[in-house]
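S.K.: Order-wise, the sequence lines are chains E and C. According to my numbering, the residues represented by the first sequence are 865 to 1423, in order. According to my numbering, the residues represented by the second sequence are 135 to 295, in order. Ideal Cβ positions, reconstructed from N, Cα and C, are used throughout, including at glycine. All values reported here derive from a predicted model rather than from experimental measurement. My questions will all concern the structure given below.
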Amino acid sequence: MVVEALKREGVEVIFGFPGGAIIDINDALEKDGTIKYVLARHEQGATHAADGYARATGKVGVCLVTSGPGATNTVTGIATAYMDSIPLVVLTGQVPTALIGNDAFQEVDIVGITRPCTKHNYLVKDVKELPRILKEAFYIARTGRPGPVLIDLPKDVQNQKAEFNYPDKIKLRSYNPVVEPHNKQIRRAYRLIEKAKRPIIYAGGGVIISGAHKELKTLAETIHAPVTMTLMGLGAFPGTHEYSLGMLGMHGSYCANMAMANTDLIIAVGARFDDRVTGKVEAFAPLAKIIHIDIDPTSIQKNVKVDVPIVGDSKLALKKLNKIIKEEGRPDEAWRDLHAAWWDQIRAWEKRHPLIYKLEKDVIKPQYVIEKLYEMTKDKDPIITTEVGQNQMWAAQFFKFDKPRTLLTSGGLGTMGYGFPAAIGAQMAFPDRLVIDIAGDGSIQMNIQEMATAMEQRLPVKIVILNNEFLGMVRQWQELFYDKRYAATKFSVTPDFVKIAEAYGANGFRATKPEEVESVLEQGLNAEGLTIMEFAIAKEEGVFPMVPAGKATTEMLLV
Amino acid sequence: MKHTLSVLVENCPGALSRITGLFSGRGFNIESLSVAPTLDPTLSHLTLVTRGDEFIIEQIIKQLNRLVDVYKVVDVSEGEFVEREMALIKVRAEDETRAEILRMCDIFRCKVVDVSPKTYTIEVTGPESKMKAVTELLKPLGIKEIARTGTIAMSREKKSV
Ligand SMILES: Cc1cc2nc3c(=O)[nH]c(=O)nc-3n(C[C@H](O)[C@H](O)[C@H](O)COP(=O)(O)OP(=O)(O)OC[C@H]3O[C@@H](n4cnc5c(N)ncnc54)[C@H](O)[C@@H]3O)c2cc1C
Ligand SMILES: Cc1ncc(C[n+]2csc(CCOP(=O)(O)OP(=O)(O)O)c2C)c(N)n1
Ligand SMILES: [Mg+2]
Chain E
865 MVVEALKREG
875 VEVIFGFPGG
885 AIIDINDALE
895 KDGTIKYVLA
905 RHEQGATHAA
915 DGYARATGKV
925 GVCLVTSGPG
935 ATNTVTGIAT
945 AYMDSIPLVV
955 LTGQVPTALI
965 GNDAFQEVDI
975 VGITRPCTKH
985 NYLVKDVKEL
995 PRILKEAFYI
1005 ARTGRPGPVL
1015 IDLPKDVQNQ
1025 KAEFNYPDKI
1035 KLRSYNPVVE
1045 PHNKQIRRAY
1055 RLIEKAKRPI
1065 IYAGGGVIIS
1075 GAHKELKTLA
1085 ETIHAPVTMT
1095 LMGLGAFPGT
1105 HEYSLGMLGM
1115 HGSYCANMAM
1125 ANTDLIIAVG
1135 ARFDDRVTGK
1145 VEAFAPLAKI
1155 IHIDIDPTSI
1165 QKNVKVDVPI
1175 VGDSKLALKK
1185 LNKIIKEEGR
1195 PDEAWRDLHA
1205 AWWDQIRAWE
1215 KRHPLIYKLE
1225 KDVIKPQYVI
1235 EKLYEMTKDK
1245 DPIITTEVGQ
1255 NQMWAAQFFK
1265 FDKPRTLLTS
1275 GGLGTMGYGF
1285 PAAIGAQMAF
1295 PDRLVIDIAG
1305 DGSIQMNIQE
1315 MATAMEQRLP
1325 VKIVILNNEF
1335 LGMVRQWQEL
1345 FYDKRYAATK
1355 FSVTPDFVKI
1365 AEAYGANGFR
1375 ATKPEEVESV
1385 LEQGLNAEGL
1395 TIMEFAIAKE
1405 EGVFPMVPAG
1415 KATTEMLLV
Chain C
135 MKHTLSVLVE
145 NCPGALSRIT
155 GLFSGRGFNI
165 ESLSVAPTLD
175 PTLSHLTLVT
185 RGDEFIIEQI
195 IKQLNRLVDV
205 YKVVDVSEGE
215 FVEREMALIK
225 VRAEDETRAE
235 ILRMCDIFRC
245 KVVDVSPKTY
255 TIEVTGPESK
265 MKAVTELLKP
275 LGIKEIARTG
285 TIAMSREKKS
295 V
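Following this line, the structure appears as structure tokens:
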């Protein structure tokens, strides 16, 4: 019954790990044979892989695990997806209904545990409810602000027989996300845009979720406004576009943060004014009026006061806005003139402090690796995933993302160990594309067991490890704010990653000098199958600019 | 500022815990809470008293609405409304105080619902202020036990849930 429903939902691949409480569904999947099942090596890996699949495709990722420890192992993956608004359906086995509450073998109240980190969850008590619940779960996961939905399936319910009535449509009286933005609000937004002399577009993950990148580009090009993106928004607007200021926030560009501090109008689209972006809220964009387009009312006016809230899908909202702008018919020259002085100022900031780093002769700079990687792969339309820490920030700063769904990274939860399994999920979705995990030596060890999964599925994922033998991001904080006491951040043992690769039957390459970087990338990218490229980078390199936590975004520490 | 919210939620397992979890997880406070089924057995009516400035209350209402199980939220304290609580108070009633307690009940329109040789059990209904006044006055006489409900509320006129 579950398998039948999954087929109706168009599920093509499931990531999972088996166990006694879910064996029947695995068995049914095997007998049926339509849906591809990817056996992970850890349930966290399975969940991140489903998440990576969802981010790369925009479809719902599906994960199937057993009760008890199988279920609890998914929690980090679920919370990761929840924070970044990623649609997942996680199916967990559960002890038979008669035993629930009995501390039965491998029983855990996973519905209770995941209540605060799922969009919704269900315990199925009656097989008759199963079709409706499965239908609802997929619907809730993908609509409105997407998110993970968990369904707990007691073993007896999995095995009961009932007539399979899969509903075509559903209507939930208590769940009706607003999609269509209000015309009046759009018109009010235009009135502000019309007057603004120093506008900026602040684009977030919501643009990617709703596929509004084209409309966003039209808006920016029509009114000649600069665009800055959150970490989650990278790819929503071409990073190589002359109007892109790159990422803003804690490790954003000097120019983007200065522009936000001096703008008179923020046009926020699918972004949630996270504290990594605003810094000290009281000092954030003091001169600005704010237009905020978001599908989730709770994102609006949560952290900052908004002048024109627009609740709805950002693609629809931008379409309407672009239409009004066109109808109003202000000539191109007029928009240009209006913002000319603003652009002069922006270009001056760009020139004063561009993103830079010092090249050195004897030691590999991580930024250089990323720049080279970008140059060598930009024509291949790669999907980049990242781990968490400095590696993630260097990727965000020095790789240019021109298309949506090409950067998959854990922003909200910041989950180390996300990148590699996510790359597996993305590669499952796009077997022929180049998928690269940019990793740190710490993070990669958190889900390194998934190398077996990638080998088994013959996935040619490329892993670039920036090895500083440190939990570098934390070390950077210690360097700056804890008198260089490197408590618990120095690894005195790091494995030989090349040997690890070989042990799994994958390829391994290592560069220890700057002049080897290019050739290692060359060999690694051209090698067939799963490949690790390890770069021994400057151990105490920092990520700059940096806005210290709790400081105003103009108080950036520069290189 | 104190706000009284009226919430209609799907009558299904976990709904209440989603709501209380939302308050504890996001650091909002609940001053009182009462739940009961409505005429439609598939919906429960929840009255919730909370405190916060306008931004917090706006966030609380939006967050409640975001829950898949929540059907409707109204801030009844935005307009004119009536609210009631009920308490059962078991008070020591010796010979010399029995008459006085009855007199007080009369003034506050409370009811004696149980009598024993040494105690009266009094039922009080009213807004929170009345609960306070009655308990303050009864305290010196010796309150042995007290049980209180949360607030229930309803807007006056049209603006019904
Ligand atoms: C080590 C580290 C450092 C970081 N440093 C930075 C930094 O310097 N700068 C930075 O920006 N981030 C940084 N982050 C990431 C940060 O924590 C947040 O994850 C990120 O800023 C949030 O991005 P967002 O605002 O685009 O929101 P997202 O989390 O992507 O949320 C999307 C928003 O869009 C809305 N939405 C969803 N669907 C739609 C739709 N169809 N239409 C309209 N709206 C929709 C949602 O309701 C939500 O409000 C860092 C993270 C880590 C781990
Ligand atoms: C699961 C998890 N635990 C702890 C942290 C805190 N943390 C953030 S960055 C970081 C260091 C990451 O080290 P590494 O992967 O080597 O990356 P680097 O910063 O050195 O590039 C740590 C420990 C986290 N984000 N996730
Ligand atoms: Mg490291």
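Considering only residues of the region 204 to 262 of chain C, which uninterrupted beta strand (DSSP E) runs meet the minimum length of 3 residues and lie entirely inside it, listed in chain order?
M.R.: Here the runs fully enclosed are 204 to 209, 215 to 226, 245 to 249 and 253 to 260.
S.K.: To the nearest angstrom, how far is it from the Cα of A1123 of chain E to the Cα of Y1066 of chain E?
M.R.: Position 259 of the first sequence holds residue 1123 of chain E. Position 202 of the first sequence holds residue 1066 of chain E. Whole-angstrom Cα-Cα distance: 11 Å.
S.K.: Quick one: is K245 of chain C near chain E, going by C-beta distance under 9 Å?
M.R.: As a working note, residue 245 of chain C is residue 111 in the second sequence. False, the Cβ-Cβ gap to chain E never drops below 9 Å.
S.K.: Going by the C-beta, is Q1340 of chain E closer than 8 Å to any heavy atom of ligand 3?
M.R.: Counting from 1 along the first sequence, the entry for residue 1340 of chain E is found at position 476. No.
S.K.: Find the residues of chain C that neighbour P1012 of chain E, judging by a C-beta separation of less than 9 Å, and give them in chain order.
M.R.: Against the first sequence, residue 1012 of chain E aligns to sequence position 148. Those within 9 Å of P1012 of chain E in chain C number zero; the least Cβ separation is about 13 Å.
S.K.: For the structure I just gave you, are there three or more beta carbon pairs, one from the region 888 to 900 of chain E and one from the region 969 to 979 of chain E, closer than 8 Å?
M.R.: No, the region 888 to 900 of chain E does not touch the region 969 to 979 of chain E.
S.K.: Based on the DSSP secondary-structure assignment, which residues constitute the bridge partners of Y1066 of chain E?
M.R.: In the first sequence, counting from the first residue as 1, residue 1066 of chain E sits at position 202. In DSSP, Y1066 of chain E forms a bridge with E:T1092 and E:A1132.
S.K.: Could you check which residue in E:E1224, E:I1034 and E:V1411 has the C-alpha nearest to that of E1000 of chain E?
M.R.: Mapped onto the first sequence, residue 1000 of chain E falls at position 136. The shortest Cα separation from E1000 of chain E among E:E1224, E:I1034 and E:V1411 belongs to E:I1034.
S.K.: Report the three-state DSSP secondary structure of S1356 of chain E (helix, strand or coil).
M.R.: The sequence position of residue 1356 of chain E within the first sequence is 492, counting from 1. Three-state DSSP puts S1356 of chain E in coil, outside helix and strand.
S.K.: What residue ranges within the region 1151 to 1226 of chain E form continuous alpha helix (DSSP H) runs of no fewer than 4 residues, ordered along the chain?
M.R.: Segments of the alpha helix (DSSP H) lying fully in the region 1151 to 1226 of chain E: 1178 to 1192 and 1196 to 1216.
S.K.: Looking at the unbroken beta strand (DSSP E) that takes in E184 of chain C, where does it start and where does it end?
M.R.: Taking the second sequence and counting its residues from 1, one reaches residue 184 of chain C at position 50. Reading the sequence as shown, one finds Thr at residue 184 of chain C and not Glu. Where T184 of chain C is concerned, the enclosing beta strand (DSSP E) stretches over L177 to R185.
S.K.: Since P1031 of chain E contacts G1176 of chain E with CB under 8 Å, what's their CB separation in whole angstroms?
M.R.: For the purposes of this step, residue 1031 of chain E is taken as the residue at position 167 of the first sequence. For the purposes of this step, residue 1176 of chain E is taken as the residue at position 312 of the first sequence. Not really, about 26 Å apart at Cβ, beyond 8 Å.
S.K.: Please list the partners that Y1039 of chain E has in chain C, where partner means a Cβ-to-Cβ separation under 8 Å.
M.R.: For this step, residue 1039 of chain E is matched to residue 175 along the first sequence. Those are V202, listed as they occur along chain C.
S.K.: How far does the beta strand (DSSP E) with H984 of chain E in it reach, from first residue to last?
M.R.: Locating residue 984 of chain E in the first sequence gives position 120, counting from the first residue. Element bounds for H984 of chain E: H984 to L987.
S.K.: Check whether chain C comes within 9 Å of R979 of chain E, counting only Cβ atoms and requiring the distance to be less than that.
M.R.: Locating residue 979 of chain E in the first sequence gives position 115, counting from the first residue. Judged by the 9 Å Cβ criterion, R979 of chain E is in contact with chain C.
S.K.: Chain C beta carbons: is any one of them nearer than 9 Å to that of L893 of chain E?
M.R.: What you label residue 893 of chain E is simply residue 29 of the first sequence in a count that begins at 1. No, its Cβ sits nowhere closer than 9 Å to a Cβ of chain C.
S.K.: How about E1333 of chain E and F1373 of chain E: are their beta carbons less than 9 Å apart?
M.R.: Mapped onto the first sequence, residue 1333 of chain E falls at position 469. Mapped onto the first sequence, residue 1373 of chain E falls at position 509. Not closer than 9 Å, so no.
S.K.: Do L1219 of chain E and S1117 of chain E have their beta-carbon atoms positioned less than 9 Å apart in this structure?
M.R.: Within the first sequence, the letter at position 253 stands for residue 1117 of chain E. Within the first sequence, the letter at position 355 stands for residue 1219 of chain E. Going by C-beta atoms, S1117 of chain E is nearer than 9 Å to L1219 of chain E.
S.K.: Tell me, which residues are paired with Q958 of chain E by DSSP?
M.R.: Here residue 958 of chain E corresponds to residue number 94 of the first sequence, with the count starting at 1. Paired residue(s): E:P1018.
S.K.: Chain E beta carbons: is any one of them nearer than 9 Å to that of P171 of chain C?
M.R.: In the second sequence, the residue the question calls residue 171 of chain C occupies position 37. It does not; no Cβ of chain E falls within 9 Å.
S.K.: For a test of the three-state rule: what should DSSP assign to F1345 of chain E, helix, strand or coil?
M.R.: Taking the first sequence and counting its residues from 1, the one referred to as residue 1345 of chain E is at position 481. F1345 of chain E: helix per DSSP, three-state reduction.
S.K.: Just reading off the beta strand (DSSP E) that P171 of chain C is part of, what are its end residues?
M.R.: Here the question's residue 171 of chain C lines up with position 37 in the second sequence. Note, P171 of chain C: beta strand (DSSP E), S166 to P171.
S.K.: Taking the alpha carbon of I286 of chain C as the point to measure from, which residue in C:E192, C:V169 and C:R226 has its own alpha carbon closest?
M.R.: The residue given as residue 286 of chain C occupies position 152 in the second sequence. Ranking C:E192, C:V169 and C:R226 by Cα distance to I286 of chain C puts C:V169 first.
S.K.: Please look up how many angstroms separate the CB atoms of A1290 of chain E and I1327 of chain E, rounded, as I've assumed it's under 8 Å.
M.R.: For the purposes of this step, residue 1290 of chain E is taken as residue 426 along the first sequence, with counting starting at 1. For the purposes of this step, residue 1327 of chain E is taken as residue 463 along the first sequence, with counting starting at 1. Contact flag wrong, Cβ pair sits at about 13 Å.
S.K.: Nearer than 8 Å: is that true of the beta carbon of F1345 of chain E relative to any heavy atom of ligand 2?
M.R.: Start at 1 with the first residue of the first sequence, and residue 1345 of chain E comes out as number 481. No; taking the cut-off as 8 Å, the Cβ of F1345 of chain E has no heavy atom of ligand 2 nearer than that.
S.K.: Could you tell me which chain E residues have their CB closer than 7 Å to the CB of E144 of chain C, listed as they occur along the chain?
M.R.: By one-based count along the second sequence, residue 144 of chain C stands at place 10. What E144 of chain C touches in chain E: S1038.
S.K.: I need the boundaries of the beta strand (DSSP E) containing D973 of chain E, first residue and last residue.
M.R.: As a first step, residue 973 of chain E is located in the first sequence; it is residue number 109 there, counting from the start. D973 of chain E -> no beta strand (DSSP E), and no H or E assigned at all.
S.K.: To the nearest angstrom, report how far apart K1179 of chain E and I1130 of chain E are at their CA atoms.
M.R.: Looking up residue 1179 of chain E in the first sequence gives position 315. Looking up residue 1130 of chain E in the first sequence gives position 266. Near 18 Å, if we compare the C-alpha coordinates of I1130 of chain E and K1179 of chain E.
S.K.: Strictly below 8 Å CB to CB, what residues from chain C border P1161 of chain E?
M.R.: Against the first sequence, residue 1161 of chain E aligns to sequence position 297. Those within 8 Å of P1161 of chain E in chain C are K196, N199 and R200.
S.K.: Pick from E:D1296, E:K1153, E:A1026 and E:F1263: whose alpha carbon is nearest that of K1242 of chain E?
M.R.: Within the first sequence, numbered from 1, the residue matching residue 1242 of chain E stands at position 378. When only C-alpha atoms are compared, the closest one is E:F1263.
S.K.: By a C-beta neighbour count over all protein chains shown, 10 Å radius and 16 as the cutoff for buried, is L1344 of chain E buried or exposed?
M.R.: Working through the first sequence from its first residue, we reach residue 1344 of chain E at position 480. Exposed, by the Cβ-count rule.
S.K.: In terms of alpha-carbon separation, which member of E:V866, E:D967 and E:I886 lies closest to R996 of chain E?
M.R.: Taking the first residue of the first sequence as 1, we reach residue 996 of chain E at position 132. When only C-alpha atoms are compared, the closest one is E:V866.
S.K.: With 7 Å as the C-beta to C-beta threshold (strictly closer), list the residues of the region 1220 to 1238 of chain E near chain C in chain order.
M.R.: Listed by position, the residues of the region 1220 to 1238 of chain E near chain C (Cβ gap below 7 Å) amount to none.
S.K.: For F881 of chain E, list the residues DSSP reports as bridge partners.
M.R.: What you label residue 881 of chain E is simply residue 17 of the first sequence in a count that begins at 1. Bridge partners of F881 of chain E: E:V929.
S.K.: How about F1148 of chain E: is its Cβ closer than 8 Å to a heavy atom in ligand 1?
M.R.: As a position in the first sequence, residue 1148 of chain E is number 284, starting the count at 1. No, Cβ of F1148 of chain E sits at least 8 Å from all heavy atoms of ligand 1.
S.K.: Just tell me which of C:Y205, C:I195, C:V246 and C:V183 has its CA closest to the CA of E262 of chain C.
M.R.: For the purposes of this step, residue 262 of chain C is taken as residue 128 along the second sequence, with counting starting at 1. Measuring from the Cα of E262 of chain C, the nearest candidate turns out to be C:V183.
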